[in-house]
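> One structure, pasted below without further comment.
2 protein chains.
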Amino acid sequence: MEKLRKVGFANLTSLEDTLELVFSYIKINPIEEIEVNTVLNRFLATNITSELDIPPFDRSAMDGYAIKAEDSFNASLSNPKKIQLSGKIEIGEFSNLNLNNGEGIRISTGAPIPKGADTVIKIEDTEIENDVISLYISLPPGKNVSKKGEDIKKGTQVLTEGVELNAEQIALLTSLGLDKVKVRAKPRVSIFSSGDELIEPGTKLKPGKIYNSNTPMISALVTLYGGEVVKGETVKDDKDIIKNKLIEATEDSDIIIFTGGTSVGTKDFLPEIVHESGIVLIHGVAQRPGAPILIGILNNTLIFCLPGTPVAAYVSFLKITGIVIRKMLGCLILDPRHEVIAKISKDVPVSSLGYLHYLRVIIEKTQNELIAKPVKLKGSGVISSLTFSDGIVEIPPYREGLKKGDLVKVKLFPQ
Amino acid sequence: MEKLRKVGFANLTSLEDTLELVFSYIKINPIEEIEVNTVLNRFLATNITSELDIPPFDRSAMDGYAIKAEDSFNASLSNPKKIQLSGKIEIGEFSNLNLNNGEGIRISTGAPIPKGADTVIKIEDTEIENDVISLYISLPPGKNVSKKGEDIKKGTQVLTEGVELNAEQIALLTSLGLDKVKVRAKPRVSIFSSGDELIEPGTKLKPGKIYNSNTPMISALVTLYGGEVVKGETVKDDKDIIKNKLIEATEDSDIIIFTGGTSVGTKDFLPEIVHESGIVLIHGVAQRPGAPILIGILNNTLIFCLPGTPVAAYVSFLKITGIVIRKMLGCLILDPRHEVIAKISKDVPVSSLGYLHYLRVIIEKTQNELIAKPVKLKGSGVISSLTFSDGIVEIPPYREGLKKGDLVKVKLFPQ
Numbered sequence: 002m003e004k005l006r007k008v009g010f011a012n013l014t015s016l017e018d019t020l021e022l023v024f025s026y027i028k029i030n031p032i033e034e035i036e037v038n039t040v041l042n043r044f045l046a047t048n049i050t051s052e053l054d055i056p057p058f059d060r061s062a063m064d065g066y067a068i069k070a071e072d073s074f075n076a077s078l079s080n081p082k083k084i085q086l087s088g089k090i091e092i093g094e095f096s097n098l099n100l101n102n103g104e105g106i107r108i109s110t111g112a113p114i115p116k117g118a119d120t121v122i123k124i125e126d127t128e129i130e131n132d133v134i135s136l137y138i139s140l141p142p143g144k145n146v147s148k149k150g151e152d153i154k155k156g157t158q159v160l161t162e163g164v165e166l167n168a169e170q171i172a173l174l175t176s177l178g179l180d181k182v183k184v185r186a187k188p189r190v191s192i193f194s195s196g197d198e199l200i201e202p203g204t205k206l207k208p209g210k211i212y213n214s215n216t217p218m219i220s221a222l223v224t225l226y227g228g229e230v231v232k233g234e235t236v237k238d239d240k241d242i243i244k245n246k247l248i249e250a251t252e253d254s255d256i257i258i259f260t261g262g263t264s265v266g267t268k269d270f271l272p273e274i275v276h277e278s279g280i281v282l283i284h285g286v287a288q289r290p291g292a293p294i295l296i297g298i299l300n301n302t303l304i305f306c307l308p309g310t311p312v313a314a315y316v317s318f319l320k321i322t323g324i325v326i327r328k329m330l331g332c333l334i335l336d337p338r339h340e341v342i343a344k345i346s347k348d349v350p351v352s353s354l355g356y357l358h359y360l361r362v363i364i365e366k367t368q369n370e371l372i373a374k375p376v377k378l379k380g381s382g383v384i385s386s387l388t389f390s391d392g393i394v395e396i397p398p399y400r401e402g403l404k405k406g407d408l409v410k411v412k413l414f415p416q
Numbered sequence: 002m003e004k005l006r007k008v009g010f011a012n013l014t015s016l017e018d019t020l021e022l023v024f025s026y027i028k029i030n031p032i033e034e035i036e037v038n039t040v041l042n043r044f045l046a047t048n049i050t051s052e053l054d055i056p057p058f059d060r061s062a063m064d065g066y067a068i069k070a071e072d073s074f075n076a077s078l079s080n081p082k083k084i085q086l087s088g089k090i091e092i093g094e095f096s097n098l099n100l101n102n103g104e105g106i107r108i109s110t111g112a113p114i115p116k117g118a119d120t121v122i123k124i125e126d127t128e129i130e131n132d133v134i135s136l137y138i139s140l141p142p143g144k145n146v147s148k149k150g151e152d153i154k155k156g157t158q159v160l161t162e163g164v165e166l167n168a169e170q171i172a173l174l175t176s177l178g179l180d181k182v183k184v185r186a187k188p189r190v191s192i193f194s195s196g197d198e199l200i201e202p203g204t205k206l207k208p209g210k211i212y213n214s215n216t217p218m219i220s221a222l223v224t225l226y227g228g229e230v231v232k233g234e235t236v237k238d239d240k241d242i243i244k245n246k247l248i249e250a251t252e253d254s255d256i257i258i259f260t261g262g263t264s265v266g267t268k269d270f271l272p273e274i275v276h277e278s279g280i281v282l283i284h285g286v287a288q289r290p291g292a293p294i295l296i297g298i299l300n301n302t303l304i305f306c307l308p309g310t311p312v313a314a315y316v317s318f319l320k321i322t323g324i325v326i327r328k329m330l331g332c333l334i335l336d337p338r339h340e341v342i343a344k345i346s347k348d349v350p351v352s353s354l355g356y357l358h359y360l361r362v363i364i365e366k367t368q369n370e371l372i373a374k375p376v377k378l379k380g381s382g383v384i385s386s387l388t389f390s391d392g393i394v395e396i397p398p399y400r401e402g403l404k405k406g407d408l409v410k411v412k413l414f415p416q
């Protein structure tokens, strides 16, 4: 039998070794400076250190009167303390008013605390008549005052290179006064599908043909992972055509993704092309689905030839190509998927040791735990198994499956 | 004291009642038909029923020979069965070949199974010499054949109105041959901030001023939640200017978001404006932070006046305005945040019953559980408390805080 098995993917590489090897060929993408209102979901290219104290001055956290706390000591509803109104500070206004003992200055939320004051009493805890303010409660010094630098001290590093910029980070960057931000240029990705069986969505289906769903799917994933889709094309299963397309794509792409054409079928030119015109780094990864994957380099451009079956292409992207895109972005968290811990609902045997297995699961919530139910499926071409499931459980290469009730980590699909 | 408390937000509405009331004024957005390559993160406006069987024909799942299974019965490595090669079917080719007993047809992965064949034997399990194929294993009928309709039967509903379109759904839609998809139009959102203390990022900070971070933060959130930002402006704290801006914005916006200007401060014109020119639906929500929120209607446009403090504005968006945007999108899951279950690391007392409290937490992973650590903070203006934390735990209005070790649901920040 040995002899018969020689075709195909005799030497599978582990996922870890695959990524380690591919990473050794990666340069982090160059920096570009862009407007802060366009940075959503981009990746920070520098550490950010605050050049300001936030808040930049002692400020009132309430609408009320700036006072000296000691003037309120022992005040109560039945025994109010009285002070004299001596001025007013509006928000946004910088005042040179000076507060003396026995005085109060009307102050609005966010306005700077005047010199001499150490406390703000809320308007609801006072009454005023003829500029005499009655204080009905006793306050400790510092009450209702946000101190300069309380949130962020000048010189503090507040964001780290490689972080993804979401709404919270954008709030922080702009509160520091930044209107431009240095981020990593998006990896440029060209996507090809090959296969004489493929026809484009929107045309009429013909006998023996199927619609090409890989290019749109992979395009969406590239976008979600922070890359820029340069082109997405279906090419004829012809060696010269494919070769020319690939060489041409290396001119404006950091990454080429090719789906289909990597098994040992009669028309599988990809390994030949990459071998002849570039370097083959990996041919076959020990994962299921997704073993028949070819990774190489053509003219300094990484090329990933993913399996043509949609689910295998999908998981290969999540575990390899997507990770590489985020590595190029200098990203801190290479796998963006959220992870939850769930109890597996039934035994899951593994057919072949040595492969990292990806199990699609549906998550059901009970009162205080999550249950992961394996999705029944046949074959890695089953697209509906993705839309009907919530995420993926990984079974490590040398684990003989899962037992009902095992706690497992479920990586949710990227959104 | 009662008398002194009359100012402010005497009648807070619960979050549930707030949403119920606001929902009663919402129309789901109109449908627009767009190219499938632009649907990522849009929301489906119709159910999708497959008009095809997927796969559309019986096809080979392997490279090998299409055979009649019975011709392989009892075959083994030591006792191969022999059949005659009678043709070849490539992928993408529809063949009229007919398979007879004792024959095999060379077939590639994905190619249609010829009439008469019921099984595919993998190339690795055969040898061929002078068109005589040796079969080395015995196969049951149907082996390595993907049956027509096995993934999706014609007429099956495969996607539901309101679902968010991610890579998996895009793969499914295109595999059905769709190149255009009906989605909900994006809610158009105008964002304003008011406050004489605000200056724009990129300019020099002046005494008493702070940078406006709310408009960029809210813009990012609107985008993440599926809305379209029509404009983002900072306006002067002047009643007429604000009023004119708001009335103008109602012409091209489904939603207006205003941050700042909703407390009982001296310059807070928003309640007046909405009351005079429209309808006030809600003034004050029983949540912390985020109580001072005003919701109304101006010229059929919903207006949300969120607190000016960034964290209060942020959580109010997540819990109210963002939910409303997704309601307008006809979305099935109104809160897009992922939820994980974690153990709280310490007691968390609650200062005032009757409010829904939002607790920012950091999540730490241990072997088999997640620990939620409350973020130490002071005040809802503390932007760094968002970037330093991972999500929010909610403490219901009538629960007296959390006990160390309690299992809690953590809603992760939206990405």
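Residue numbers (my numbering), protein chains in the order written: chain B, 2 to 416; chain C, 2 to 416.
Virtual Cβ for every residue (Gly too), placed ideally from N, Cα, C.
1. How would you call L333 of chain B, buried or exposed, if buried means at least 16 neighbouring beta carbons within 10 angstroms?
2. Measure the alpha-carbon distance for A62 of chain B versus K210 of chain C and round it to whole angstroms.
3. Along the chain, which unbroken stretches of the alpha helix (DSSP H) at least 4 residues long are found entirely within the segment 331-394 of chain B?
4. Over what stretch of residues does the alpha helix (DSSP H) that includes T216 of chain B continue unbroken?
5. Going by other Cβ atoms of all chains shown within 10 Å of its Cβ, with 16 needed for buried, is F74 of chain B buried or exposed?
6. Helix, strand or coil for R107 of chain C per DSSP?
7. To be precise: take each residue of the segment 95-120 of chain C, compare its Cβ to all Cβ atoms of chain B, and keep it if any distance is under 9 Å. Which residues remain?
8. Sorted by chain position, which residues of the same chain lie with C-beta nearer than 8 Å to E401 of chain B's C-beta, five sequence neighbours on each side aside?
9. Taking buried to mean at least 16 other C-beta atoms within 10 Å of its own C-beta, is D241 of chain C buried or exposed?
10. I want to know whether the segment 273-286 of chain B touches the segment 186-203 of chain B - three or more CB-CB distances under 8 Å.
11. Measure from the alpha carbon of I138 of chain B to the alpha carbon of each residue in B:F414, B:Y66 and B:G88, then state which is nearest.
12. Would you mind telling me which residues of chain B sit closer than 8 Å to T224 of chain C, beta carbon to beta carbon, in chain order?
13. Starting from the C-beta of M2 of chain C, find all residues in its chain whose C-beta is less than 7 Å away, skip the five residues before and the five after it, and write them out in chain order.
14. Cα separation between D72 of chain B and L78 of chain B?
15. Taking the runs of the alpha helix (DSSP H) that are 4 residues or longer, which of them lie wholly in the segment 241-286 of chain C?
16. Does L86 of chain C have its Cβ less than 9 Å from a Cβ in chain B?
17. If we ignore side chains and look at the alpha-carbon of each, how far apart do E340 of chain C and V146 of chain C end up?
18. In the DSSP assignment, the alpha helix (DSSP H) including A186 of chain B goes from what residue to what residue?
19. Any residues in the segment 384-398 of chain C with a beta carbon nearer than 7 Å to a beta carbon of chain B? Which ones, in chain order?
20. Do the segment 239-258 of chain C and the segment 396-416 of chain B make contact, defined as three or more Cβ pairs closer than 8 Å?
21. Measuring straight from C-alpha to C-alpha, what distance separates S135 of chain B and E128 of chain B?
22. Measure the beta-carbon distance from Y26 of chain C to I298 of chain C and round it to whole angstroms, keeping in mind my assumption that it falls under 8 Å.
23. Cα separation between V281 of chain B and P311 of chain B?
24. For N48 of chain C, count neighbouring Cβ atoms within 10 angstroms of its own Cβ and tell me buried if that reaches 16, exposed if not.
25. Suppose the cutoff is 6 Å on Cβ atoms and the five residues either side in sequence are ignored; what does the same chain contact list for S264 of chain C look like?
26. From P81 of chain B to E165 of chain C, what does the alpha carbon distance come to, in whole angstroms?
27. With 8 Å as the limit, tell me which residues of the segment 301-328 of chain C have their beta carbon closer than that to any beta carbon of chain B; keep them in chain order.
28. Can you look up K328 of chain C in the DSSP assignment and give me helix, strand or coil?
29. With H, G and I counted as helix, E and B as strand and the rest as coil, what does DSSP make of F193 of chain C?
30. Classify A112 of chain C: buried if its beta carbon has 16 or more other beta carbons within 10 angstroms, exposed otherwise.
31. Does the distance from the C-beta atom of D64 of chain C to that of K149 of chain C stay below 9 Å?
32. Just by C-beta distance, which residues in the segment 162-175 of chain B are closer than 9 Å to chain C?
33. Would I84 of chain C pass as a contact of V121 of chain C if the rule is Cβ separation under 9 Å?
34. Using a C-beta cutoff of 9 Å, does H284 of chain B count as contacting chain C?
35. Compute the beta-carbon to beta-carbon distance between I258 of chain C and L307 of chain C, rounded to the nearest angstrom, for a pair I have assumed lies under 8 Å.
36. Kindly indicate the opening and closing residues of the alpha helix (DSSP H) around T19 of chain B.
For this structure:
1. Per the 10 Å Cβ criterion, exposed.
2. Their Cα atoms are separated by approximately 15 Å.
3. Taking only runs of at least 4 residues, the alpha helix (DSSP H) segments lying wholly in the segment 331-394 of chain B are 385-388.
4. According to the DSSP assignment, T216 of chain B belongs to the alpha helix (DSSP H) that extends over N215 to L225.
5. F74 of chain B is classed as exposed because its beta carbon has fewer than 16 other beta carbons within 10 Å across all chains shown.
6. Strand.
7. For the segment 95-120 of chain C, which is checked against every Cβ of chain B, the residues closer than 9 Å are F95, S96, R107, S109, T110, G111, A112 and P113.
8. Closer than 8 Å at Cβ, skipping near neighbours: P350, V351 and L354.
9. Classification of D241 of chain C: exposed, given that the 10 Å Cβ count is below 16.
10. The segment 273-286 of chain B, when compared against the segment 186-203 of chain B, does not touch it at the 8 Å Cβ threshold.
11. Nearest to I138 of chain B by C-alpha distance, out of B:F414, B:Y66 and B:G88, is B:Y66.
12. What T224 of chain C touches in chain B: L41.
13. Caution is warranted here: a pLDDT of 33 is assigned to M2 of chain C, below 50, making its placement in the model unreliable, and the coordinate value is therefore given only provisionally. Excluding the 5 residues flanking it on each side, M2 of chain C has no same chain C-beta neighbour closer than 7 Å.
14. When rounded, the distance between both Cα atoms is 15 Å.
15. Listed in chain order, the complete alpha helix (DSSP H) runs (minimum 4 residues) inside the segment 241-286 of chain C are 271-278.
16. No - not a single Cβ of chain B is within 9 Å of the one on L86 of chain C.
17. Taking the straight line from one Cα to the other gives about 40 Å.
18. Note, A186 of chain B: premise wrong, no alpha helix (DSSP H); not H, not E.
19. Correct list: I384, S385, L387 and T388.
20. Contact between the segment 239-258 of chain C and the segment 396-416 of chain B is absent: fewer than 3 CB-CB pairs across the two stretches fall below 8 Å.
21. So the two alpha carbons sit approximately 5 Å from each other.
22. The C-beta distance from Y26 of chain C to I298 of chain C rounds to 6 Å, short enough to fall under 8 Å.
23. Going by the C-alpha atoms only, they are around 23 Å apart.
24. If you draw a 10 Å sphere on the C-beta of N48 of chain C, you find fewer than 16 other C-beta atoms in it, and that means exposed.
25. For S264 of chain C, the predicted model reports a pLDDT of 48, less than 50, meaning its position is unreliable; a value from the coordinates is still stated below. For S264 of chain C, where only same-chain residues beyond five positions count, the Cβ hits under 6 Å are P293.
26. Rounded to the nearest angstrom, the two C-alpha atoms are 59 Å apart.
27. Answer in chain order: G309, P311 and Y315.
28. Per DSSP, reduced to three states, the secondary structure at K328 of chain C is helical.
29. For F193 of chain C, the secondary structure class from DSSP, reduced to helix, strand or coil, is strand.
30. If you draw a 10 Å sphere on the C-beta of A112 of chain C, you find 16 or more other C-beta atoms in it, and that means buried.
31. In this structure, D64 of chain C sits away from K149 of chain C, with a CB-CB distance that is not shorter than 9 Å.
32. For the segment 162-175 of chain B, which is checked against every Cβ of chain C, the residues closer than 9 Å are V164, E165, L166, N167, A168, E169, Q170, I171, A172, L173, L174 and T175.
33. For I84 of chain C and V121 of chain C, no; Cβs fall outside 9 Å.
34. Answer no: the Cβ-Cβ gap between H284 of chain B and chain C never drops below 9 Å.
35. Cβ atoms of I258 of chain C and L307 of chain C come within 8 Å of each other, at about 6 Å.
36. For T19 of chain B, the enclosing alpha helix (DSSP H) has its first and last residue at L16 to F24.
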